[in-house]
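Peer 1: Could you have a look at this structure, given as structure tokens, before my questions?
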Amino acid sequence: MVDTKIIKLNLIFFMIYSVKSSPPEDPIKCSHNTNFNCTITNSYGAFPDRAICKASQAIYPSTEEELISIVANATREKRKMKIATRFSHSIPKLVCLDNDDQDGGLLISTKYLNKILRIDQEDMSITVESGVTLRQLISEAGKEGLVLPYAPYWWGLTIGGLIGTGAHGSSLWGMGSSVHDYIMQLRIVTPADASYNYAKVRILENGTSELNAVRVSLGVLGVISQVTLKLERVFKRSITLSERDDSNLGEDASTFGRQHEFADFTWYPSQRKVIYRIDDRVSASTPGNALNDFSGFRSTPSLVLAILRTTEEYQESTNDAGGKCSSAKLTTSTLKIGAYGLTNNGFTFTGYPVVGLHNRVQASGTCLDSLEDATITTCPWDHRVKGLFFHQTTFSISLSKVKGFIEDVQKLVVLEPRALCVLDLYNGILMRYVTTSNAYLGKQEDGLDFDITYYRSKDPMSLDSLKILLKR
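For reference, each letter of the sequence shown is one residue, going -21 to -1, 1 to 451 in mature numbering (1 follows the signal peptide of the UniProt record, and there is no 0).
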């Protein structure tokens, strides 16, 4: 047993400190190097129902004019359309055509709608095409001394995609943590009648009901072509990740987000531990050049991934709850030693607090920024190799009710202490603050989003035990 733990510990360290990898492949695959007879999946290689989604054609516009022409032609021909992105990180089947529409349906990819169009210093805004990634936006805005105040932690999302799905960071401050609430203007191409030549560009301004409908619209109202977002002057943050027992989590959950601007929690229920993120703005003169390179978003050798996955599969097939709990403790302690990817100067971690520019710590995803190496190393969930394969359950609970939910989970742990160890293998439950939004499909009240990631079997006939428990 000791030897096995030592081997796994070495593998995890190898995973954490890997720096190069193969970038993810295009989620759209068409026959014989053409753009016809296509299939599409997500970056994980499987939708929740494991369906294979098809389309008769995929088109890659590179300008708004090309996009207008594509939408017009499809509308004239009465073809159904779906929008795809460069990396396709949505787990739900938002990109899939209905079964009856797949033979004649069209995929419109925003892969080449990836240009920064304008950065306005005076207005503190940035205008981008919808296929620009969060990584690009953060980088280019930062060069001009500007930042997006709140954003998801993973920078491999496109701006159009994260707006359409309501992606967010964690905050109860300002206008909240959802990127769609910082839209100043949005251009969207929609189908139209013959009098408009079958396609129309709608320019939607902040404060209008039309824009509130398009925010978090899941891609069903048209194709977003351009977005203008409100930015701020660059500032520094001070971050301390404090490990505590979870006895006060129920009480703290409703108040902690008011005390710290970028607060969140990472909860390990089976270990009765929680990581409090104490994260606030500080003076620009505060020393520090911190960098966030989150361990879970780094490149990983595919051999390491295969060994870790094989261990998971064995523990699941043998119902080895004790093994899962031991592995979970080893994983979380190793991540803690590595400060979860935070460094004080971009290279080493010397202790908390970690202080640095907002654009260097707000998001990460270095497994995307690498040259092709024939999948010797990849993002940990890359479906081309035997790597992580998981379910993800996400839901929001209002701040007024969150204490009761947390206490219910704690009671489950008391009843069966080892039942939730599998969550800790995927870095626990991430709890992020979200605020009420004017978006029609946005959040209706301030609350906490719970992101729960856990083992998924490759066998479609297998019943994953934790999935059953979570549904109950």
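For glycine and all other residues, C-beta sits at the position ideal for the given N, C-alpha and C. Predicted, not measured: the structure shown is a model, and the values here were computed from it.
Measure the CB-CB distance between residue 323 and residue 267 and report whether it falls below 9 Å.
Peer 2: The residue given as residue 323 occupies position 344 in the sequence shown. The residue given as residue 267 occupies position 288 in the sequence shown. The answer is yes: Cβ separation under 9 Å.
Peer 1: Report yes if the C-beta distance between residue 18 and residue 26 is below 9 Å; otherwise report no.
Peer 2: The residue labelled residue 18 in the question sits at position 39 within the sequence shown. The residue labelled residue 26 in the question sits at position 47 within the sequence shown. Not a contact, by the Cβ cut-off of 9 Å.
Peer 1: Hey, could you find the ends of the beta strand (DSSP E) residue 178 is sitting in?
Peer 2: In the sequence shown, residue 178 corresponds to position 199, counting from 1. Residues 178 to 184.
Peer 1: Could you work out which residue in 9, 88, 396 is closest to residue 248 when comparing CA atoms only?
Peer 2: On the sequence shown, position 269 is the one that residue 248 refers to. Comparing Cα-Cα distances from residue 248 to each of 9, 88, 396, the minimum goes to 396.
Peer 1: Could you pull the start and end residues of the alpha helix (DSSP H) that residue 285 belongs to?
Peer 2: For the purposes of this step, residue 285 is taken as the residue at position 306 of the sequence shown. Start and end: 281 to 296.
Peer 1: For residue 35, which of 62, 80, 2 has the nearest alpha-carbon?
Peer 2: Here residue 35 is taken as the residue at index 56 of the sequence shown, counted from 1. Considering only alpha carbons, the answer is 80.
Peer 1: Return the residue from the list 328, 244, 55, 285 that minimises the CA-CA distance to residue 452.
Peer 2: Nothing can be reported for residue 452: it is not among the residues displayed for the chain, which extend from -21 to 451.
Peer 1: At what residue ranges does the segment 372 to 435 contain a whole run of the alpha helix (DSSP H), taking only runs of 4 or more?
Peer 2: Here the runs fully enclosed are 381 to 394, 400 to 403.
Peer 1: What span of residues does the alpha helix (DSSP H) with residue 104 cover, start to end?
Peer 2: As a working note, residue 104 is residue 125 in the sequence shown. Counting along the chain, residue 104 falls outside any alpha helix (DSSP H), though it belongs to the beta strand (DSSP E) covering 104 to 108.
Peer 1: Starting from residue 204 and walking both ways along the beta strand (DSSP E), at which residues does that stretch end?
Peer 2: For the purposes of this step, residue 204 is taken as residue 225 along the sequence shown, with counting starting at 1. Run containing residue 204: 202 to 209, per the beta strand (DSSP E) assignment.
Peer 1: Check whether the Cβ atoms of residue 342 and residue 194 lie closer than 9 Å to each other.
Peer 2: Locating residue 342 in the sequence shown gives position 363, counting from the first residue. Locating residue 194 in the sequence shown gives position 215, counting from the first residue. Cβ atoms of residue 342 and residue 194: not closer than 9 Å.
Peer 1: Starting from the C-beta of residue 360, find all residues in its chain whose C-beta is less than 8 Å away, skip the five residues before and the five after it, and write them out in chain order.
Peer 2: By 1-based counting over the sequence shown, the position of residue 360 is 381. Hits under 8 Å: 22, 23, 366, 367, 368, 369.
Peer 1: Roughly how many angstroms separate the alpha carbons of residue 222 and residue 410, rounded to a whole number?
Peer 2: Here residue 222 refers to the residue found at position 243 of the sequence shown. Here residue 410 refers to the residue found at position 431 of the sequence shown. For residue 222 and residue 410, the distance between alpha carbons rounds to 15 Å.
Peer 1: Tell me, please, whether the CB atom of residue 198 is closer than 9 Å to any CB atom in chain C?
Peer 2: Protein chains in the displayed structure number just one, and chain C is not present.
Peer 1: Under three-state DSSP, which class holds residue 276?
Peer 2: Here residue 276 refers to the residue found at position 297 when the sequence shown is read from its first residue. Residue 276: helix per DSSP, three-state reduction.
Peer 1: Does the Cβ of residue 419 have 16 or more other Cβ atoms within 10 Å, making it buried, or fewer, making it exposed?
Peer 2: Here residue 419 corresponds to residue number 440 of the sequence shown, with the count starting at 1. Exposed: under 16 other Cβ atoms inside 10 Å.
Peer 1: Extract the residue ranges of the alpha helix (DSSP H) inside the segment 215 to 274, only unbroken runs of 4 or more that lie entirely within it.
Peer 2: Taking only runs of at least 4 residues, the alpha helix (DSSP H) segments lying wholly in the segment 215 to 274 are 228 to 232, 235 to 238.
Peer 1: Helix, strand or coil for residue 99, going by three-state DSSP, please let me know.
Peer 2: Residue 99 sits at position 120 when you count from the first residue of the sequence shown. Three-state result, residue 99: strand.
Peer 1: Thinking C-beta only, is residue 346 closer than 9 Å to residue 237?
Peer 2: As a first step, residue 237 must be located in the sequence shown, where it is residue number 258. As a first step, residue 346 must be located in the sequence shown, where it is residue number 367. No, the Cβ-Cβ distance between residue 237 and residue 346 is not below 9 Å.
Peer 1: Drop a sphere of 10 angstroms on the beta-carbon of residue 406, count the other beta-carbons inside from all chains shown, and report buried for 16 or more, exposed for fewer.
Peer 2: What you label residue 406 is simply residue 427 of the sequence shown in a count that begins at 1. With 16 or more other Cβ atoms within 10 Å, it is buried.
Peer 1: Over the uninterrupted beta strand (DSSP E) stretch that includes residue 88, give me the two end residues.
Peer 2: Counting from 1 along the sequence shown, the entry for residue 88 is found at position 109. From DSSP, the beta strand (DSSP E) with residue 88 extends over 85 to 88.
Peer 1: Indicate the three-state DSSP secondary structure (helix, strand or coil) for residue 114 in the structure shown.
Peer 2: The residue given as residue 114 occupies position 135 in the sequence shown. In this structure, residue 114 counts as helix in the three-state DSSP scheme.
Peer 1: Report back the beta-carbon spacing between residue 428 and residue 373 to the nearest angstrom; my notes put them in contact at under 8 Å.
Peer 2: Along the sequence shown, one-based indexing puts residue 428 at 449. Along the sequence shown, one-based indexing puts residue 373 at 394. Yes, residue 428 and residue 373 are in contact; Cβ-Cβ is about 6 Å, under 8 Å.
Peer 1: Assuming residue 202 contacts residue 158 (C-beta within less than 8 Å), just tell me the rounded distance between them.
Peer 2: Walking along the sequence shown from the start, residue 202 turns up at place 223. Walking along the sequence shown from the start, residue 158 turns up at place 179. Incorrect: roughly 18 Å between the Cβ atoms, too far for contact.
Peer 1: Does DSSP put residue 94 in a helix, a strand or coil?
Peer 2: By one-based count along the sequence shown, residue 94 stands at place 115. Of the three classes helix, strand and coil, the one that applies to residue 94 here is coil, per DSSP.
Peer 1: Taking 8 Å as the threshold, find out whether the segment 118 to 127 comes into contact with the segment 95 to 107 through three or more Cβ pairs.
Peer 2: Result yes; three or more Cβ-Cβ pairs closer than 8 Å.
Peer 1: Looking at C-beta atoms only, is the number of pairs between the segment 50 to 58 and the segment 171 to 179 that lie closer than 8 Å three or more?
Peer 2: With a cut-off of 8 Å, the segment 171 to 179 and the segment 50 to 58 count as touching, because enough Cβ pairs lie within range.
Peer 1: Would you be able to state if there are at least three C-beta pairs under 8 Å between the segment 255 to 274 and the segment 428 to 437?
Peer 2: In short, these stretches do not touch, since the Cβ pair count stays below three.
Peer 1: For the ligand GDP, is there a heavy atom less than 8 Å away from the beta-carbon of residue 370?
Peer 2: Although the ligand GDP was asked about, the structure shown includes no ligands whatsoever.
Peer 1: Please name the residue in 280, 287, 382 whose C-alpha comes closest to that of residue 2.
Peer 2: Walking along the sequence shown from the start, residue 2 turns up at place 23. If we check each option's Cα against that of residue 2, 280 comes out closest.
Peer 1: Relative to the C-alpha of residue 317, which candidate in 391, 136, 331, 295 has its C-alpha closest?
Peer 2: For the purposes of this step, residue 317 is taken as the residue at position 338 of the sequence shown. It is 331.
Peer 1: Relative to the C-alpha of residue 184, which candidate in 198, 199, 209 has its C-alpha closest?
Peer 2: In the sequence shown, the residue the question calls residue 184 occupies position 205. It is 209 whose Cα lies nearest to the Cα of residue 184.
Peer 1: With DSSP as the reference, please indicate the residues paired to residue 60 in a beta bridge.
Peer 2: Here the question's residue 60 lines up with position 81 in the sequence shown. Answer is 85.
Peer 1: Tell me the residue span of the alpha helix (DSSP H) that contains residue 72.
Peer 2: The residue labelled residue 72 in the question sits at position 93 within the sequence shown. Segment: none, residue 72 is in no alpha helix (DSSP H) and carries neither H nor E.
Peer 1: Out of 441, 413, 440, state which residue places its alpha-carbon closest to the alpha-carbon of residue 153.
Peer 2: Taking the first residue of the sequence shown as position 1, residue 153 is located at position 174. The shortest C-alpha separation from residue 153 is found at 413.
Peer 1: Is residue 151 closer than 9 Å to residue 220 when the C-beta atoms are compared?
Peer 2: Indexing the sequence shown from 1 puts residue 220 at position 241. Indexing the sequence shown from 1 puts residue 151 at position 172. The answer is no: Cβ separation not under 9 Å.
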